[in-house]
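Numbering (the numbering used here), first residue to last: 221 to 322.
Glycine residues also receive a C-beta, built at the ideal position from the N, C-alpha and C atoms.
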């Protein structure tokens with residue numbers, strides 16, 4: 221009976237040691253995997269951030285180009301209106317000069 225009990229205690233001790241080693245190994249593996257996952261998340265986050273920044277920059281560039289075109293169009297319209305008004309003023313001056321010459 222003592223031999224069986226001694227064998228049982230030895231088996232339980234070995235089992236406890238194995239379980240402890242397995243627990244440590246699992247915790248170490250889990251820690252490594254968590255570190256890898258954190259690194260992967262960081263890389264994905266960086267890639268997403270870079271893509272968002274790229275898209276925003278592209279949209280801003282397009283918006284700027286559209287605004288520049290609109291400003292150019294408005295400048296042309298203003299120049300055309302000034303030319304028309306200048307011609308109208310000159311015509312009025314001519315008419316006034318012609319009337320006062322009579």
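- Distance from the CA atom of residue 257 to the CA atom of residue 265, rounded to whole angstroms, is 12 Å.
- For residue 322, there is no enclosing alpha helix (DSSP H), as DSSP marks it with neither H nor E.
- Per DSSP, reduced to three states, the secondary structure at residue 221 is coil, with no helix or strand assignment.
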